[in-house]
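The sequence shown runs 95 to 537 under the numbering used here. Beneath this line is the structure, given in structure tokens, with notes to follow.
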Amino acid sequence: MSRPELNRRRFLMGLGAGAGLALAGCAPRMGAMSSSAATAPQGWGATEAFLQNYIAGKSLPGAMAAIGRGMEAPVYLTAGTRTAAGTTPVGPDTIWRIYSMTKPVTGMAAMILIDDGRLTLDQDIGEILPEWANPMVMTDPENSLDARPAAGPITVRHLLTHSAGLGYSIMGPPPLRAAILAAGLSGGVVSRDPRVGMAMSGGAPVAEPPASIAEFSRRAAELPLIADPGSVWAYSMSLEILSRVIEVAAGMPYAEFLRTRMFAPLGMNDTFFQVPAAKRAQLTDNHVVYEGRTMNVDPAATSIYLDEPPIPFGGGGLASSAHDYDRFLTMLLGYGAIGDARVMSERTARIGMSDLLPAGIDKSRMYAPSGFGAGGAVASAPETGGTEGQPAGSFGWGGAAGTAAWVDFENNMRVSGYIQLMGAENGDFRPGFTRAVYEDLTQ
95 MSRPELNRRR
105 FLMGLGAGAG
115 LALAGCAPRM
125 GAMSSSAATA
135 PQGWGATEAF
145 LQNYIAGKSL
155 PGAMAAIGRG
165 MEAPVYLTAG
175 TRTAAGTTPV
185 GPDTIWRIYS
195 MTKPVTGMAA
205 MILIDDGRLT
215 LDQDIGEILP
225 EWANPMVMTD
235 PENSLDARPA
245 AGPITVRHLL
255 THSAGLGYSI
265 MGPPPLRAAI
275 LAAGLSGGVV
285 SRDPRVGMAM
295 SGGAPVAEPP
305 ASIAEFSRRA
315 AELPLIADPG
325 SVWAYSMSLE
335 ILSRVIEVAA
345 GMPYAEFLRT
355 RMFAPLGMND
365 TFFQVPAAKR
375 AQLTDNHVVY
385 EGRTMNVDPA
395 ATSIYLDEPP
405 IPFGGGGLAS
415 SAHDYDRFLT
425 MLLGYGAIGD
435 ARVMSERTAR
445 IGMSDLLPAG
455 IDKSRMYAPS
465 GFGAGGAVAS
475 APETGGTEGQ
485 PAGSFGWGGA
495 AGTAAWVDFE
505 NNMRVSGYIQ
515 LMGAENGDFR
525 PGFTRAVYED
535 LTQ
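In structure tokens form, the structure reads like this:
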């Protein structure tokens, strides 16, 4: 059988919400649904059924969810196995590629430094990163890189909320996207298979990635912006630039800052940019659907996540477990703390989960007219599609492989869901999962 080329458009759709291909379908392990640490009074039958039906319909090996109330232990709902070839059920310590669910982590890391007094929301990042002192803006974004001086500086607020005017390797005006790829400024890693990289780039040449966040920032600063800072919401590589701001302001490497100021205090021991060899057995496979068949593009046993990444991607580089990400969400629901483990003040946490978008910003590029806080969306109403029907004020974000997570202050709960399926075919997971959760909640 010949090895088909991945269709770039189908592969890339859904990335914005980051060994060879196994052509055999990944048969799900049926009858492996379980729940544990149950603390909520109602059952979660609709959510359990959704997860089970989802992996059966998509031929995925496994899925799971973590749902918790207040500071109580979560309920873990699990379906299937970590890998199609294995028999180990998914569980709280299973490691998932969370891609853009990294963004709220980076956003809250910046809020910690704001709490420390080392950053301010409306600080010009050019004061911290000299290469950003004089940003330029494209004059004809669809056709050329010609640019003029920006109307104002890029601020920390802009980076937190995708309002800096930056581009992204997976979307945006063609001239800028080509330049981003030529500069090696991708937002993360997916597979060792070169065809996956070609699918993501559309066949465009991709330079060697920068070897440090500092170099990433310098290369990005040489490219023009899509629009003046603060004028347009545009999904972007802003959280990668923010990770460089964080390490300069903190005086330590970005990954070390996360470990010492967030992961260790919160007990997040299975969250990594590089999954250690000792944790290999906890890792899942990652998949795409091509011509109706589910294919394994990053087998756990040889995953690219076992390698040290070019940089610790602040916008899409983390792998984490349901247990660990629930700890992060519990901290958010606790306004900066879990018990005695406080990582930021209540005031700062509340600010980070509020709508930080500049006044009058153009939201036409947003997935829904919600607000946006420190790396995640703030639901403005239950019917807004970008936040998938969550109550107003809920805060969270999703990842390119279908993961989703949020805190719901109206119901004093936190929710996260996990699959490993890239591209447009995962677009029905987040809304279906959310509907099932709130169906159960009303029973």
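The beta-carbon is built from N, C-alpha and C at its ideal position, and this holds for glycine as well. None of these values were measured; they are calculated from a predicted model.
Return the chain-ordered list of same chain residues with a C-beta closer than 6 Å to the C-beta of residue 213, the five sequence neighbours on each side being excluded.
As a position in the sequence shown, residue 213 is number 119, starting the count at 1. If we look at residue 213 and ignore the five residues flanking it on each side, its Cβ neighbours are 207, 250, 343.
Is the Cβ-Cβ distance between residue 190 and residue 497 less than 9 Å?
Residue mapping note: residue 190 aligns to position 96 of the sequence shown, counting from 1. Residue mapping note: residue 497 aligns to position 403 of the sequence shown, counting from 1. Yes, these two residues count as a Cβ contact at 9 Å.
Might you give, ordered along the chain, the residues of its own chain that have their beta carbon closer than 6 Å to the beta carbon of residue 511, omitting 5 neighbours on each side?
Sequence index remark: in the sequence shown, residue 511 carries index 417 (1-based). Cβ neighbours of residue 511 beyond the five flanking positions: 159, 498, 527.
Look up residue 189 in the DSSP assignment and give the residues it is bridged to.
Residue numbering aside, residue 189 sits at position 95 when the sequence shown is read from its first letter. Answer is 377, 415.
Do the CB positions of residue 164 and residue 507 come within less than 9 Å of each other?
Mapped onto the sequence shown, residue 164 falls at position 70. Mapped onto the sequence shown, residue 507 falls at position 413. Yes, the pair counts as a contact, with Cβ atoms nearer than the cut-off.
Count the other C-beta atoms from every protein chain shown that fall within 10 angstroms of the C-beta of residue 268, then say buried if there are 16 or more, exposed otherwise.
Working through the sequence shown from its first residue, we reach residue 268 at position 174. The residue is exposed, with fewer than 16 neighbouring Cβ atoms inside 10 Å.
Use the C-beta contact count for residue 288: other C-beta atoms within 10 angstroms, 16 or more gives buried, fewer gives exposed.
Here residue 288 refers to the residue found at position 194 of the sequence shown. By the neighbour-count rule (16 or more Cβ atoms within 10 Å), residue 288 is not buried but exposed.
Rounding to the nearest angstrom, what Cα-Cα distance links residue 205 and residue 357 in this structure?
Here residue 205 is taken as the residue at index 111 of the sequence shown, counted from 1. Here residue 357 is taken as the residue at index 263 of the sequence shown, counted from 1. Approximately 15 Å between the Cα atoms of the pair.
Since I believe residue 405 is in contact with residue 304 (beta carbons under 8 Å), could you give me their beta-carbon distance rounded to a whole number of angstroms?
Position 210 of the sequence shown, counting from 1, holds the residue named residue 304. Position 311 of the sequence shown, counting from 1, holds the residue named residue 405. Indeed, because the Cβ distance is near 6 Å, the residues count as touching under 8 Å.
How would you label residue 337, buried or exposed, when you count the other beta carbons within 10 angstroms and need 16 or more for buried?
Walking along the sequence shown from the start, residue 337 turns up at place 243. Burial call: buried.
Between the C-alpha atoms of residue 262 and residue 181, what's the straight-line distance to the nearest angstrom?
For the purposes of this step, residue 262 is taken as the residue at position 168 of the sequence shown. For the purposes of this step, residue 181 is taken as the residue at position 87 of the sequence shown. So the alpha carbons of these two residues sit roughly 38 Å apart.
Quick one, which of 517, 521, 534, 530 has its alpha-carbon nearest residue 264's?
On the sequence shown, position 170 is the one that residue 264 refers to. Nearest of 517, 521, 534, 530 to residue 264, Cα basis: 517.
According to the Cβ coordinates, are residue 259 and residue 274 closer than 9 Å?
As a position in the sequence shown, residue 259 is number 165, starting the count at 1. As a position in the sequence shown, residue 274 is number 180, starting the count at 1. No. Outside cutoff.
Out of 145, 396, 464, 317, point me to the one whose CA is closest to residue 371's CA.
Locating residue 371 in the sequence shown gives position 277, counting from the first residue. Looking at the Cα atoms, 396 is the closest of the given residues.
Can you tell me which of 352, 503, 317 puts its alpha carbon nearest to the alpha carbon of residue 228?
Locating residue 228 in the sequence shown gives position 134, where the first residue counts as 1. Out of 352, 503, 317, 317 has the C-alpha closest to the C-alpha of residue 228.
Quick check: what's the CA-CA separation for residue 132 versus residue 330?
Position 38 of the sequence shown, counting from 1, holds the residue named residue 132. Position 236 of the sequence shown, counting from 1, holds the residue named residue 330. Caution is warranted here: a pLDDT of 40 is assigned to residue 132, below 50, making its placement in the model unreliable, and no coordinate value can be reported.
Looking only at its chain, what residues have a beta carbon closer than 6 Å to the beta carbon of residue 413, apart from the 5 residues adjacent to it on each side?
Taking the first residue of the sequence shown as 1, we reach residue 413 at position 319. Once the five neighbours on either side are set aside, the close Cβ partners of residue 413 are 189, 191, 366, 369, 399.
Could you check which residue in 253, 379, 423, 500 has the C-alpha nearest to that of residue 532?
Here the question's residue 532 lines up with position 438 in the sequence shown. Nearest option by C-alpha distance: 500.
Under the three-state reduction of DSSP, which class applies to residue 287: helix, strand or coil?
The sequence position of residue 287 within the sequence shown is 193, counting from 1. Residue state, collapsed to three classes: coil.
Taking only the alpha-carbon atoms, compute the straight-line gap between residue 535 and residue 505 and give it to the nearest angstrom.
Within the sequence shown, numbered from 1, the residue matching residue 535 stands at position 441. Within the sequence shown, numbered from 1, the residue matching residue 505 stands at position 411. Cα to Cα, the separation comes out at about 9 Å.
Helix, strand or coil: which one does DSSP assign to residue 532?
Taking the first residue of the sequence shown as position 1, residue 532 is located at position 438. It is helical.
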